[in-house]
Amino acid sequence: MSQSATDALKRFEVENNIQSVEHDSIFKYDPSQYQDFLKAKPWAKDPHYFKSVKISAIALLKMVMHARSGGKLEVMGLLMGKVEAHTMIIMDSFALPVEGTETRVNAQAEAYEYMVEYLDLIKKTGRLENALGWYHSHPGYGCWLSGIDVSTQMVNQQYSEPWLGIVIDPTRTISAGKVEIGAFRTYPQGYKPPNEGPSEYQTIPISKIEDFGVHCKQYYPLEISYFKSSLDSQLLDKLWNKYWVNTLSSSPIFANRDYITGQIGDLSEKLEQAESQVSNSKSLLFHDKKKEESQLDRITRDSSKVTIEQLQVVGDEHEHEHEHAEHEHFSFIDVVNESGHYHIKNSRVVLKKGWLFGKLTGLIVEPLHQQIIVNYKTN
Numbered sequence: 001m002s003q004s005a006t007d008a009l010k011r012f013e014v015e016n017n018i019q020s021v022e023h024d025s026i027f028k029y030d031p032s033q034y035q036d037f038l039k040a041k042p043w044a045k046d047p048h049y050f051k052s053v054k055i056s057a058i059a060l061l062k063m064v065m066h067a068r069s070g071g072k073l074e075v076m077g078l079l080m081g082k083v084e085a086h087t088m089i090i091m092d093s094f095a096l097p098v099e100g101t102e103t104r105v106n107a108q109a110e111a112y113e114y115m116v117e118y119l120d121l122i123k124k125t126g127r128l129e130n131a132l133g134w135y136h137s138h139p140g141y142g143c144w145l146s147g148i149d150v151s152t153q154m155v156n157q158q159y160s161e162p163w164l165g166i167v168i169d170p171t172r173t174i175s176a177g178k179v180e181i182g183a184f185r186t187y188p189q190g191y192k193p194p195n196e197g198p199s200e201y202q203t204i205p206i207s208k209i210e211d212f213g214v215h216c217k218q219y220y221p222l223e224i225s226y227f228k229s230s231l232d233s234q235l236l237d238k239l240w241n242k243y244w245v246n247t248l249s250s251s252p253i254f255a256n257r258d259y260i261t262g263q264i265g266d267l268s269e270k271l272e273q274a275e276s277q278v279s280n281s282k283s284l285l286f287h288d289k290k291k292e293e294s295q296l297d298r299i300t301r302d303s304s305k306v307t308i309e310q311l312q313v314v315g316d317e318h319e320h321e322h323e324h325a326e327h328e329h330f331s332f333i334d335v336v337n338e339s340g341h342y343h344i345k346n347s348r349v350v351l352k353k354g355w356l357f358g359k360l361t362g363l364i365v366e367p368l369h370q371q372i373i374v375n376y377k378t379n
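Number 379 marks the last residue of the sequence shown (the UniProt record's numbering); no jumps.
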């Protein structure tokens with residue numbers, strides 16, 4: 001693998017916080033223990049039983065590659081894994097021969113036949129993990145469950161428990177650098193979840209807001225973490241080399257040109273809608289005014305997100321153009337962004353036309369050209 005691909009893999013692992021496990025016990029599977037767990041059905045007593053998901057780096061990369069191969073069309077695949085207490089562990093994933101549209105994807109008879117045959121063959125190779133869920137892509141419009149997704153997940157949880165639903169946005173992954181992903185489980189029919197307070201904000205296109213709002217209380221997100229082990233290294237290198245070649249073969253700006261245009265158009269529509277609501281109100285009560293301010297605040301967040309994503313893409317391309325540029329040496333750098341504060345010692349970074357690139361002693365800590373430098377000292 002080339003040095004640039006190796007560096008990119010390190011960056012991918014750091015940006016997605018992929019943790020190395022000290023031993024390979026996580027791959028051990030006990031069929032009898034799993035059967036005892038299925039008989040106990042702890043999720044039936046607690047709709048919020050499963051709290052977190054651990055995804056192997058191999059499974060993550062395979063899902064991202066599959067999602068990107070679909071372009072604007074949704075793709076679908078299956079998750080393989082096991083359960084440990086309140087955690088669902090995804091060991092592997094594989095694509096299904098399903099042709100989706102730009103807004104939906106459903107498995108048909110051919111896909112189900114393929115799935116059954118695949119699961120049968122993989123068990124013959126010694127892989128004893130079970131199907132643990134499904135994944136599909138939302139190209140350009142975020143990670144959440146639509147009405148159709150909720151129905152699909154509910155049916156699977158009714159007949160195939162334990163079952164997980166994962167959504168990946170390959171378009172936003174290209175723009176943001178970090179994998180845009182969400183893991184979800186639906187509540188039982190008729191269940192009313194307790195008021196859990198405001199969830200993490202995410203940008204939803206205006207054409208999807210209604211579908212998102214109607215169903216957002218019918219499911220809940222699980223906390224996601226990633227892992228890799230010594231057994232993954234060789235396969236991960238080969239997979240990454242293929243992914244990296246495909247990534248280098250197309251410019252992110254060119255590949256995402258329709259997404260960028262769509263994001264700007266969506267912002268324009270939201271601003272027009274907000275302006276129309278204000279102008280149609282002869283008098284704004286305090287409650288209405290607060291509502292309008294909240295709507296404008298969301299539009300401001302969306303606008304900031306679009307700007308940051310484009311700076312990320314432009315910065316990455318600019319960095320590739322100047323890979324052999326002279327490096328500036330710093331004894332320390334303090335940087336601050338919305339994720340927190342970082343103090344980095346003995347740093348070696350690229351400064352070019354005001355950009356600060358993340359070449360930090362050979363390891364990418366953050367996409368630093370998104371951050372604010374508040375203090376630094378050169379050697």
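We put the CB at the ideal spot given by N, CA and C, even for glycine.
Quick one: is residue i buried, meaning 16 or more other Cβ sit within 10 Å of its Cβ, or exposed?
i	result
N17	exposed
P31	exposed
P139	buried
G70	buried
Y135	buried
S230	exposed
S146	buried
G133	buried
V98	buried
L9	buried
L236	buried
E129	buried
S137	buried
Roughly how far, in whole angstroms, is the beta-carbon of residue i from the beta-carbon of residue j, given that I think they are within contact range, below 8 Å?
i	j	result
M91	M80	6 Å
A44	F227	The Cβ separation is near 28 Å, so there is no contact.
Q153	G165	4 Å
A59	S93	4 Å
L119	A131	6 Å
Can you tell me whether DSSP reads residue i as helix, strand or coil?
i	result
M1	coil
A183	strand
P170	helix
Y226	strand
Q158	helix
G147	helix
P31	helix
residue 380	Past the edges of the chain, shown from 1 to 379, lies residue 380, and the structure says nothing about it.
D46	coil
Y191	coil
K178	coil
L73	coil
V116	helix
N17	coil
H136	strand
Y141	coil
K238	helix
G340	Because the pLDDT at G340 is just 43, under 50, the model does not fix this residue reliably, and the point stays unresolved.
residue 380	For the chain, the structure presents residues 1 to 379; residue 380 sits outside this window and is missing.
E84	strand
Hey, how far is the Cα of residue i from the Cα of residue j?
i	j	result
F55	V150	Note that residue 55 corresponds to Ile in the displayed sequence, not to Phe. For I55 and V150, the distance between alpha carbons rounds to 22 Å.
G182	I89	14 Å
E22	V179	24 Å
Q33	A85	11 Å
residue 412	Q35	Here the chain comprises residues numbered 1 to 379, so residue 412 is not present and cannot be evaluated.
E74	D46	32 Å
S331	D7	At S331, the pLDDT of 45 sits below 50, so the modelled position is not reliable and the matter cannot be decided from this model.
E117	N195	43 Å
K192	Q157	17 Å
K39	P221	25 Å
K51	E15	23 Å
K124	V155	28 Å
F12	S160	33 Å
D232	G126	17 Å
I148	H215	10 Å
M65	R172	14 Å
Y114	G100	16 Å
F27	R185	24 Å
Q234	Q3	16 Å
Would a C-beta distance cut-off of 7 Å place residue i and residue j closer than the cut-off?
i	j	result
N241	M63	no
A111	L96	yes
K82	Y29	yes
L239	L78	no
W244	A5	yes
V53	I224	yes
P188	A67	no
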